[in-house]
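Visitor: Handing you a structure now.
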Amino acid sequence: MIGAVFLETLKTTWKQMVYWGIGLSAMGLLVVIMVPLFNMQDMQKLLESFPPVILAMIGVGKDLEVFATNEGFVAIGFFGKSALIFAVYPVVMGMRITANEEDNGTMDVLLSLPVERARVVIEKFLAYGVSCVGVVILIYLGLHIGVILGGVELDALRLAEVTFYLIPLMVFIMAATMLIAVLARRRMVALGIVTAFVIASYMLQTIGLAAEGTVAEPIGAVSFLTYYNTGDILAQGFIWPHIAGFVILSGVLLLASLYRYERRDIGV
Amino acid sequence: MASESVLEISGLSKTYGAGKMQTLALNRLDLSVHRGEIFGYLGPNGAGKTTTIRLLLDLIRPSSGSARIFGLDTRADSVEIHRRIGFLPGELSLWEGRTGDQIIHYVASVRGDTRGIAKQAGELAEQLDLDTSKRVRDLSSGNKRKLGLVIAMMHSPALLILDEPTGGLDPLVQQTFHEMMDDYRAKGRTVFLSSHVLSEVQAICDRVGILRDGELKAVESVEKITNVEFHWVDVTFRDTLPAGLQQQLESLPSITNISTNGARVRMRMAGDFDPLLRAISSGYVETLHVEEPSLEEIFLAFYSGDEETTI
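Sequence order for the protein chains is H and P. Numbering-wise, the first sequence is residues 14 to 281 according to our numbering. Numbering-wise, the second sequence is residues 16 to 326 according to our numbering.
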């Protein structure tokens, strides 16, 4: 039956989605509540005193004035600082699409049923994609509760844009993880490669930001994290070409995964 | 028994790895299984039984050759084939955090018939004395196996593919399983089961195929294999071996491979027990232990020409 794998995946994932969502939203809530404790003019001076490499590590480029706002504070304190944490959830979900079930043997049972491999992959991908959306919604709710509790003045639209921009980013990370798992076959090998990929992307983004205005700046363009630039989002709102890039790349990664998974042995 | 083939394998080979690491797991397998029969697929561990089954299920892809089930190609028509078969893996893994009922519902919903299948599953669970309300992680290995059998059989498949089905089941449940297989055969359904337990194969199978080092060495009726059956007999006397016992045993045509160790004598015996019992009655027998031969020993006896002397 169409949707059976999708529904079962959601049933077995919703608790993790809620736990992750609550955990991340609690972090966001804490940052939002702290906004009134800071004077944003002092914040700008503080940021200006940091060397570029430190700013780069929290996702800040040269556009310091953007970050010396309430929204900017949240962007640095939560979204910038937590970039690697946001990557963990989609990596965990991406590993579950094929690698975990192959490693523990349940994929043999599932694929002995009247269901195509491609359908299994697509339905699981969609279900985990929905769970990523769920996590992001919970994060937004956490931030919103923080706004209410702390009486903080925040541009609701900008806050929503920065938050929901996480969805294409997380789906892309999940798709990349899935492809790596399909290619690597073994869960631990795949996990090692994915971890290296995410950390390398973070390093490249940091180098790119730290080297703004120099010949090394284009290095950052290689990192997918560069296209989740909270400063740019705060200044311009949704950057549709970047979102489209994430969506298209996710689609390409999904197709590549399907192509390879259809042709290889399972669990060997 | 009708001779229509449910399963036809021709020239099926599978190699793993590449270059110097390449391993031939299955070598040009040709085999037919007929409708309504229970076919035992025998061989020691690593012979290629599971590889064959995984190829039939399209979980792995052949290096060469092909297989057809219900006349359909196992690669091109795998979904249609899977609709009509039930499968129990040798190393069964199920979703640990889910209950038996939840897994049954999941599998039934993938099969597209939750109501009918769930009813049948309930009956099977009752027959196997399985509590499906428990989480898989809380089930013993035997009960997990029972749940695997329920999942494999709950949609009344025309062909059951079972990899070492009774491993971990207690003798009573094994007996129930044998009855279920008899019932399957009576309904004209087909079973392809792998095993390395000779007694199980003897109890339920019509024909057996013997696999060794990835090659099918023989396909025979169970009767024929059974006819070459022999036992290892171990007799321990209270004090010493009775005088002249060894010569007496050596004179019996059904006794070979005699070895002694103090008051103990071990031998290979084919045919009836009576001549042996008469021979050892001259001493005080403390223990008498009879061992079933391994499948490998049966196989060697059968194909080394021993059948002439042992039948």
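We treat Cβ as the ideally placed atom computed from N, Cα and C, and that holds for glycine.
Which whole-angstrom value is the C-beta distance of Val250(P) and Met284(P), which I expect to be below 8 Å?
Guide: Val250(P) to Met284(P), Cβ: 10 Å. No contact.
Visitor: Quick one: Cα of Glu301(P) to Cα of Asn276(P), how far?
Guide: Approximately 15 Å between the Cα atoms of the pair.
Visitor: Whether or not the stretch 104 to 112 of chain H and the stretch 65 to 77 of chain H are in contact is what I'm after, with contact meaning three or more pairs of Cβ atoms, one per stretch, closer than 8 Å; do they touch?
Guide: No contact exists between the stretch 65 to 77 of chain H and the stretch 104 to 112 of chain H.
Visitor: Checking the sheet assignment: what are the DSSP bridge partners for Phe252(P)?
Guide: Paired residue(s): Val300(P).
Visitor: Leu124(H) CB to nearest chain P CB: under 9 Å?
Guide: Yes, Leu124(H) lies at the interface with chain P (some Cβ there is under 9 Å from its Cβ).
Visitor: Along the beta strand (DSSP E) that carries Gly61(P), what are the first and last residues, could you check?
Guide: Segment: none, Gly61(P) is in no beta strand (DSSP E) and carries neither H nor E.
Visitor: If you follow the alpha helix (DSSP H) that Met108(H) is part of, which residue opens it and which one closes it?
Guide: Looking at the DSSP string, the run of the alpha helix (DSSP H) that includes Met108(H) is 96 to 110.
Visitor: Which full runs of the beta strand (DSSP E) of 3+ residues lie inside the stretch 105 to 179 of chain P, going along the chain?
Guide: As far as the stretch 105 to 179 of chain P is concerned, its whole beta strand (DSSP E) runs of at least 3 residues are 174 to 178.
Visitor: So, with DSSP's three-state summary, where would you put Met282(P)?
Guide: Strand at Met282(P).
Visitor: Are the C-beta atoms of Leu177(P) and some chain H residue less than 9 Å apart?
Guide: No, no contact with chain H.
Visitor: Could you check where the beta strand (DSSP E) with Leu268(H) kicks off and where it finishes?
Guide: No beta strand (DSSP E) contains Leu268(H), which is instead part of the alpha helix (DSSP H) from 253 to 276.
Visitor: From the beta carbon of Thr190(H), is the nearest beta carbon of chain P less than 9 Å away?
Guide: So no, Thr190(H) is outside the interface.
Visitor: Alpha carbon to alpha carbon, how far is Arg69(P) from Ile53(P)?
Guide: C-alpha separation (whole angstroms): 19 Å.
Visitor: Under a CB-based cut-off of 9 Å, is Phe102(P) close to chain H?
Guide: So, interface residue.
Visitor: How about Leu179(H) and Val45(H): are their beta carbons less than 9 Å apart?
Guide: No.
Visitor: Give every residue of the same chain whose Cβ lies closer than 6 Å to the Cβ of Thr22(H), excluding the five residues on either side of it in the sequence, and list them in chain order.
Guide: Here the set comprises Lys137, Ala140.
Visitor: Select from Ser269(P), Gln263(P), Ala278(P), Ile219(P) the residue whose C-alpha is nearest the C-alpha of Arg253(P).
Guide: Minimum Cα distance to Arg253(P) is reached at Ala278(P).
Visitor: Return the residues of the stretch 25 to 50 of chain H that lie within a Cβ-Cβ distance of less than 8 Å from chain P, sorted by chain order.
Guide: Cβ contacts with chain P come from Thr25.
Visitor: Name the DSSP beta bridge partners of Trp27(H), please?
Guide: BP columns for Trp27(H) are empty, so no partner.
Visitor: Let me confirm a value: Ser6(H) is counted as buried when at least 16 other C-beta atoms fall within 10 Å, else exposed. Which label applies?
Guide: Outside the modelled stretch of chain H, which goes from 14 to 281, sits residue 6(H), for which no answer is possible.
Visitor: What's the C-alpha gap between Arg273(H) and Gly61(P)?
Guide: Near 28 Å, if we compare the C-alpha coordinates of Gly61(P) and Arg273(H).
Visitor: Using 10 angstroms around the beta-carbon of Met195(P), count the other beta-carbons present and answer buried if the total reaches 16, otherwise exposed.
Guide: Buried.
Visitor: Does any C-beta atom of chain P lie closer than 9 Å to the C-beta of Pro181(H)?
Guide: It does not: the Cβ of Pro181(H) has no partner Cβ on chain P nearer than 9 Å.
Visitor: Are at least three pairs of beta-carbons, each pair with one atom in the stretch 153 to 171 of chain P and one in the stretch 120 to 139 of chain P, less than 8 Å apart?
Guide: At 8 Å Cβ cutoff, the stretches touch.
Visitor: I'd like to know whether the C-beta of Ile279(H) is nearer than 9 Å to at least one C-beta of chain P.
Guide: Judged by the 9 Å Cβ criterion, Ile279(H) is in contact with chain P.
Visitor: Where Ser214(H) and Val128(H) are concerned, what is the direct C-alpha to C-alpha distance, given to the nearest angstrom?
Guide: Straight-line Cα distance between these residues: approximately 36 Å.
Visitor: Can you list the residues of chain P that Val202(H) reaches, using a CB-CB cut of under 7 Å?
Guide: Within 7 Å Cβ-Cβ: nothing; Val202(H) doesn't reach chain P, min ~16 Å.
Visitor: So the candidates are Arg43(P), Leu103(P), Thr255(P), Asp88(P); which of them puts its Cα closest to the Cα of Ser210(P)?
Guide: Ranking Arg43(P), Leu103(P), Thr255(P), Asp88(P) by Cα distance to Ser210(P) puts Leu103(P) first.
Visitor: What whole-angstrom Cβ distance do Gly58(P) and Arg227(P) have, given they're in contact under 8 Å?
Guide: Between Arg227(P) and Gly58(P) the Cβ distance is about 6 Å, and since that is below 8 Å, they are a contact.
Visitor: Is Lys184(P) helix, strand or coil by DSSP?
Guide: It is worth fixing the name first, because residue 184(P) is Leu in this sequence and not Lys. Looking at Leu184(P) - three-state DSSP - the assignment turns out to be coil, as it is neither helix nor strand.
Visitor: Using only CA atoms, which one of Val188(P), Arg160(P), Leu208(P) lies nearest to Arg222(P)?
Guide: It is Leu208(P).
Visitor: Could you tell me which uninterrupted alpha helix (DSSP H) segments, each at least 4 residues in length, are contained entirely in the stretch 173 to 220 of chain H, listed from first to last along the chain?
Guide: Whole alpha helix (DSSP H) segments, 4+ residues: 179 to 197.
Visitor: Going by the CB atoms, is the gap between Leu170(H) and Ser38(H) shorter than 9 Å?
Guide: Not closer than 9 Å, so no.
Visitor: Closer than 7 Å, Cβ to Cβ, to anything on chain P: give me those residues from the stretch 100 to 123 of chain H, in chain order.
Guide: Per Cβ criterion, the list reads Asn117, Gly118, Thr119, Asp121, Val122.
Visitor: Taking Leu247(H) and Val175(H) to be in contact with their CB atoms under 8 Å, please state how far apart those CB atoms are, rounded to whole angstroms.
Guide: 7 Å between Cβ atoms; contact.
Visitor: Counting Cβ pairs, one atom from each stretch, are 3 or more of them under 8 Å apart for the stretch 245 to 263 of chain H and the stretch 176 to 186 of chain P?
Guide: Too few Cβ pairs lie closer than 8 Å, so no.
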